[in-house]
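S.K.: Residue numbers (the numbering used here): 2 to 167.
Glycine residues also receive a C-beta, built at the ideal position from the N, C-alpha and C atoms.
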Amino acid sequence: MRQRQASANARRAREFEAFVAGAAGRLLHAATLLTAEAPGDNPRARRLLTLALAHTYACWDRLRGEDPYDRARQYLATRFAREAWHHGLGRTRPHPANPLARLTPQQRLILVLRLYEGVAEEQVAALLGLPAERVRAICDRATATLLHPPRGPAATAAAEAKAATS
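1. So, does the stretch 62-70 touch the stretch 122-137, judging by three or more C-beta pairs under 8 Å?
2. From L104 to R152, what distance separates their C-alpha atoms?
3. Pull up the CB-CB distance for A78 and L28, whole angstroms please, since I reckon it's below 8 Å.
4. Among L116, R142, P97, L129, whose alpha-carbon lies nearest the alpha-carbon of T36?
5. With P106 as the anchor, note down where its alpha helix (DSSP H) starts and where it stops.
6. Cβ atoms of L110 and A82: under 7 Å apart, would you say?
7. Give the range of the alpha helix (DSSP H) segment to which A53 is assigned.
8. To which residues of the same chain is T144 closer than 8 Å at the C-beta, ignoring the five residues directly before and after it?
9. Quick check: the Cα distance between G41 and M2, rounded to an integer number of angstroms?
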């Protein structure tokens with residue numbers, strides 16, 4: 002009996018290690034996009050990844066054919082949303098050079114899930130408890146913000162200086 006249990010535990014550990022080897026990099030990148038931290042300095046993203054992987058490992062035997070990557074991504078997203086909701090924007094410190102830093106946490110979450118992860122609009126809506134139309138509107142607004150950033154005073158002053166010298 003003990004030998005069978007030890008064998009099952011060893012198989013479970015090998016399967017999970019193989020999963021982590023294949024999925025951790027992409028999940029860390031998604032977490033880094035969510036937190037809008039710099040890729041080399043991303044403690045919040047690494048914490049989110051660690052929590053998501055720990056949760057996935059705890060549920061490993063109960064997955065029953067469910068995709069472990071989807072489970073880990075779902076936990077990562079809901080944990081990020083919960084932390085953003087409970088701690089507000091004051092605790093998040095996005096990297097100022099990151100274009101995603103201009104977005105709200107909700108916009109980043111929806112944009113990352115929809116565009117980077119390729120999750121269907123309806124699935125994102127169900128995950129966040131929002132209507133699909135709201136998810137579409139938030140994603141469109143976030144995309145527009147990234148593609149057409151607001152013109153700041155520095156850009157306007159540089160344009161005026163260039164026009165004055167012409």
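M.R.: By the coordinates alone:
1. no
2. Cα atoms of L104 and R152: separation of roughly 15 Å, rounded to the nearest angstrom.
3. Not a contact, Cβ separation roughly 11 Å.
4. When only C-alpha atoms are compared, the closest one is P97.
5. 106-112
6. yes
7. 44-59
8. L112, L116
9. For G41 and M2, the gap between their C-alpha atoms comes out near 46 Å.
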